[in-house]
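Visitor:
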Amino acid sequence: LIIAFSILTNFVNADVIAVLPMAGRKFSVSGSSVPITVGWIDNQDYPILSDDVDYYTLTLCSGPNSKIESIKALAKKVDANDVTLDGIIYKYDVTIDSDVASSGVFFIQIYAAGSFGYTIHYTSRFTISGLTGSIVASSAGDVTTPPAAQYSINTGTTSAASINSASFAIPYPSQSGISKFAPMQTQPGTTITKATASWTRQFPTSAYTYYTTIAAGSLRDCTTTITPGWSYYITSYINY
Numbered sequence: 047l048i049i050a051f052s053i054l055t056n057f058v059n060a061d062v063i064a065v066l067p068m069a070g071r072k073f074s075v076s077g078s079s080v081p082i083t084v085g086w087i088d089n090q091d092y093p094i095l096s097d098d099v100d101y102y103t104l105t106l107c108s109g110p111n112s113k114i115e116s117i118k119a120l121a122k123k124v125d126a127n128d129v130t131l132d133g134i135i136y137k138y139d140v141t142i143d144s145d146v147a148s149s150g151v152f153f154i155q156i157y158a159a160g161s162f163g164y165t166i167h168y169t170s171r172f173t174i175s176g177l178t179g180s181i182v183a184s185s186a187g188d189v190t191t192p193p194a195a196q197y198s199i200n201t202g203t204t205s206a207a208s209i210n211s212a213s214f215a216i217p218y219p220s221q222s223g224i225s226k227f228a229p230m231q232t233q234p235g236t237t238i239t240k241a242t243a244s245w246t247r248q249f250p251t252s253a254y255t256y257y258t259t260i261a262a263g264s265l266r267d268c269t270t271t272i273t274p275g276w277s278y279y280i281t282s283y284i285n286y
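Position in the sequence shown (first residue = 1) + 46 = our numbering.
1. Less than 9 Å between the C-beta atoms of Val65 and Ile135, yes or no?
2. Considering just the uninterrupted stretch of the beta strand (DSSP E) at Ser148, what are its terminal residues?
3. In whole angstroms, give me the CA-to-CA distance for Ile256 and Ser149.
4. With a cut-off of 8 Å on the beta carbons, I'd call Val146 and Leu177 a contact; round off their distance for me.
5. For Asp132 versus Gly179, is the C-beta distance shorter than 9 Å?
6. Is it buried or exposed, Phe249, if we count other Cβ atoms within 10 angstroms and call 16 or more buried?
7. State yes or no: is the C-beta of Ser96 within less than 9 Å of the C-beta of Leu106?
8. Considering only residues of the same chain and omitting the five flanking positions on each side of Thr83, which have a CB-CB separation below 6 Å?
9. Taking buried to mean at least 16 other C-beta atoms within 10 Å of its own C-beta, is Gln233 buried or exposed?
10. Decide if Val99 is buried, meaning its Cβ has at least 16 other Cβ atoms within 10 Å, or exposed.
11. Residue range of the beta strand (DSSP E) that Asp98 falls in?
12. By alpha-carbon positions, which one of Ile174, Thr141, Tyr164 and Thr246 ends up nearest to Phe152?
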């Protein structure tokens with residue numbers, strides 16, 4: 047079972063983890079533009095950035111997670127070889143013109159594409175002041191997390207199956223078919239507020255059987271569960 051899960055994680059779509067700009071960062075226009083460094087890391091799940099991504103497109107966005115507004119493409123089809131690898135962070139510098147929009151809260155879409163398909167991730171929100179454009183940056187309200195990632199990945203099977211990220215939004219017990227999609231793993235809180243005696247499972251348990259020998263012929267009766275990778279990253283600090 048552990049081996050099978052390890053194989054499945056190769057098809058989990060969590061390639062890009064956006065880390066720059068950091069959440070809440072404030073930028074100001076200098077002259078007629080503002081330079082911003084966009085950064086992301088590779089969590090080593092498929093697709094591997096250094097091997098599988100051909101190009102990136104970076105787009106300035108605004109608005110709440112439920113209504114993303116694309117303002118301007120900042121860099122189109124940037125060859126993966128033109129992205130700088132600084133330690134473990136992939137970096138690319140973009141320039142935002144002062145007349146692109148009015149001052150407000152923004153974030154950047156990172157579109158990564160290759161023969162595998164494409165993935166879409168978003169940076170945390172940041173503020174730009176001193177802009178003089180007419181497009182109004184929509185308010186994100188109290189939203190502190192970036193929009194959820196989106197994927198269209200060819201898994202490499204003979205049928206060239208594609209994993210649609212919308213599949214993960216369907217409640218697990220309501221799914222059918224040979225592949226089911228589980229919710230993203232989230233991190234536990236810092237405290238436990240509910241008595242252990244009242245704990246309940248989110249979903250009922252289900253029985254399973256596994257192959258003890260190599261199966262001949264079609265594997266259409268083989269069922270799997272696919273879990274998405276994290277769309278977030280955990281910041282840690284050294285305790286001196």
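Backbone N, C-alpha and C define an ideal beta-carbon position, used for all residues, glycine too.
Guide: Once the coordinates are examined:
1. The residue you call residue 65 lines up with position 19 of the sequence shown. The residue you call residue 135 lines up with position 89 of the sequence shown. Contact flag set, yes.
2. For the purposes of this step, residue 148 is identified with residue 102 of the sequence shown, where counting begins at 1. That run of the beta strand (DSSP E) goes Ser148 to Gly160.
3. As a first step, residue 256 is located in the sequence shown; it is residue number 210 there, counting from the start. As a first step, residue 149 is located in the sequence shown; it is residue number 103 there, counting from the start. Before going further, note that residue 256 is Tyr rather than Ile in the sequence given. Looking at the two C-alpha atoms, the distance is approximately 57 Å.
4. For the purposes of this step, residue 146 is taken as residue 100 along the sequence shown, with counting starting at 1. For the purposes of this step, residue 177 is taken as residue 131 along the sequence shown, with counting starting at 1. That pair is a contact at about 7 Å.
5. Position 86 of the sequence shown, counted from the first residue, corresponds to residue 132. Position 133 of the sequence shown, counted from the first residue, corresponds to residue 179. Result no, Cβ atoms of Asp132 and Gly179 do not sit closer than 9 Å.
6. Locating residue 249 in the sequence shown gives position 203, counting from the first residue. Looking at its Cβ environment, which holds fewer than 16 other Cβ atoms inside 10 Å, Phe249 is exposed.
7. Here residue 96 is taken as the residue at index 50 of the sequence shown, counted from 1. Here residue 106 is taken as the residue at index 60 of the sequence shown, counted from 1. No. Outside cutoff.
8. Here residue 83 refers to the residue found at position 37 of the sequence shown. So the list reads Leu66, Lys137 and Asp139, once near-sequence residues are dropped.
9. Numbered from its first residue, the sequence shown carries residue 233 at position 187. Burial call: exposed.
10. Numbered from its first residue, the sequence shown carries residue 99 at position 53. Looking at its Cβ environment, which holds 16 or more other Cβ atoms inside 10 Å, Val99 is buried.
11. Within the sequence shown, the letter at position 52 stands for residue 98. It is not in any beta strand (DSSP E) - Asp98 instead sits in the alpha helix (DSSP H) that spans Leu95 to Asp98.
12. To locate residue 152, count along the sequence shown from 1; it is residue 106. Selected option, being the one with the closest Cα: Ile174.
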